[in-house]
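Taking it in order: structure first as structure tokens, then the write-up.
Protein chains in written order, with my numbering: chain U, 1 to 200; chain E, 201 to 400.
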């Protein structure tokens, strides 16, 4: 059977199929869609890829993604500079901000420790966090890594490194999600919720 | 709440989110993935979009996508030039080819009639099919549009246009899919399967 899609189309399908969570059929659909776009919109799509790659880099302080010298949070004068919230990924910053409660700074670790996937401490931005704490203005570091094995291990590892500096290190509270149903809560979550119970 | 992603990243997320079947969260994941790619791979992705758009056009005979003067099927000397299989989309050509049975030519209509979505006969490549049949070498046109309302309407419309040329017009057989279970076949399919029963 000869190849029925032109080489340039096959190549575009391959590129889409290499993206995470995109299967072969979806990649075909996306490629056909791009072909159906007006010339200037397809060009704008390509330009968006190049521009994001060119303009976006990590903030030298908190390691979050930014296109400026500092990210918006680090540059803001209204944030509490004595608290740092450590998260795994840039998108987690958005999640914490959505709570509209947190007014401190962030530190993006860019991953979580995972020996299985050969991700060690040197692959994360842990040293940068220790350096910030070592400068002395930080009172508390809230570790908001994911509540899974890798997130737990990362939080544990980082908290040990920070202990010598006498800084308070906390972790996000675990428990049953608000609005959920106890009947469907898994055992591990219920156990954590019991451990984390509060007086009323 | 200020925007927490740099403008170039927001723009890339928007571009991905505009693709069919890609929601906001998926678009974020794809954009972060592109940012994590090595410089040259991100550039190759952008180039793949531009190249596909530049190199791929429709075959002047069958309207399938190609990067040559004619598509591979129309250019082949081993295909039966008296039979044309009419399909809605370029990807449908691949489906028919997978059967390894069909040796005729194709005609890609690029859609199906859909008054609800303002798709009329002039939006499809129907005239091009009529022109091919009018040239006189065609003995049979197999209409392989989708077995849904729009595919039915398109097949009906095209068959009426082709009738004056005395060409044989057929439609793909309907029925229960091979390997499926009667218990789960829907009523419409069973009705069509009964109508299309064959002597053993």
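Ideal Cβ placement from N, Cα and C applies to all residues, glycine included.
Apply the 10 Å Cβ neighbour rule to residue i and answer buried if 16 or more other Cβ atoms are within range, or exposed otherwise.
{"i": "residue 228/E", "result": "buried"}
{"i": "residue 138/U", "result": "buried"}
{"i": "residue 253/E", "result": "buried"}
{"i": "residue 354/E", "result": "buried"}
{"i": "residue 90/U", "result": "buried"}
{"i": "residue 190/U", "result": "exposed"}
{"i": "residue 286/E", "result": "buried"}
{"i": "residue 64/U", "result": "buried"}
{"i": "residue 106/U", "result": "buried"}
{"i": "residue 151/U", "result": "buried"}
{"i": "residue 378/E", "result": "exposed"}
{"i": "residue 395/E", "result": "exposed"}
{"i": "residue 181/U", "result": "exposed"}
{"i": "residue 317/E", "result": "exposed"}
{"i": "residue 66/U", "result": "buried"}
{"i": "residue 388/E", "result": "exposed"}
{"i": "residue 247/E", "result": "buried"}
{"i": "residue 42/U", "result": "buried"}
Going by DSSP, name the residue or residues bridged to residue i.
{"i": "residue 57/U", "result": "66/U"}
{"i": "residue 142/U", "result": "85/U, 170/U"}
{"i": "residue 80/U", "result": "104/U"}
Let me check understanding here. Comparing Cα to Cα, which of the options lies closest to residue i?
{"i": "residue 16/U", "options": "211/E, 231/E, 208/E", "result": "231/E"}
{"i": "residue 239/E", "options": "50/U, 85/U, 8/U, 103/U", "result": "50/U"}
{"i": "residue 344/E", "options": "248/E, 311/E, 278/E, 315/E", "result": "311/E"}
{"i": "residue 76/U", "options": "157/U, 103/U, 11/U", "result": "103/U"}
{"i": "residue 221/E", "options": "26/U, 19/U, 20/U", "result": "26/U"}
{"i": "residue 83/U", "options": "100/U, 171/U, 41/U, 140/U", "result": "140/U"}
{"i": "residue 62/U", "options": "108/U, 197/U, 34/U", "result": "108/U"}
{"i": "residue 88/U", "options": "41/U, 158/U, 184/U, 99/U", "result": "158/U"}
{"i": "residue 281/E", "options": "336/E, 209/E, 223/E", "result": "336/E"}
{"i": "residue 257/E", "options": "68/U, 46/U, 6/U", "result": "6/U"}
{"i": "residue 293/E", "options": "245/E, 313/E, 271/E", "result": "271/E"}
{"i": "residue 8/U", "options": "328/E, 244/E, 375/E, 330/E", "result": "244/E"}
{"i": "residue 372/E", "options": "366/E, 363/E, 392/E, 384/E", "result": "392/E"}
{"i": "residue 398/E", "options": "385/E, 375/E, 384/E, 383/E", "result": "375/E"}
Which residues bound the alpha helix (DSSP H) around residue i?
{"i": "residue 35/U", "result": "24-36"}
{"i": "residue 120/U", "result": "Element bounds for residue 120/U: n/a, residue is neither H nor E."}
{"i": "residue 94/U", "result": "90-98"}
{"i": "residue 398/E", "result": "Counting along the chain, residue 398/E falls outside any alpha helix (DSSP H), and DSSP gives it neither H nor E."}
{"i": "residue 209/E", "result": "207-217"}
{"i": "residue 275/E", "result": "272-275"}
Between which two residues does the beta strand (DSSP E) harbouring residue i extend?
{"i": "residue 108/U", "result": "104-108"}
Please state the DSSP three-state secondary structure of residue i.
{"i": "residue 192/E", "result": "A question about residue 192/E goes unanswered here, because the residues of chain E that appear run from 201 up to 400."}
{"i": "residue 159/U", "result": "helix"}
{"i": "residue 2/U", "result": "Note that residue 2/U scores 46 on pLDDT, short of 50, meaning its location in the model is unreliable and no value can be drawn from it."}
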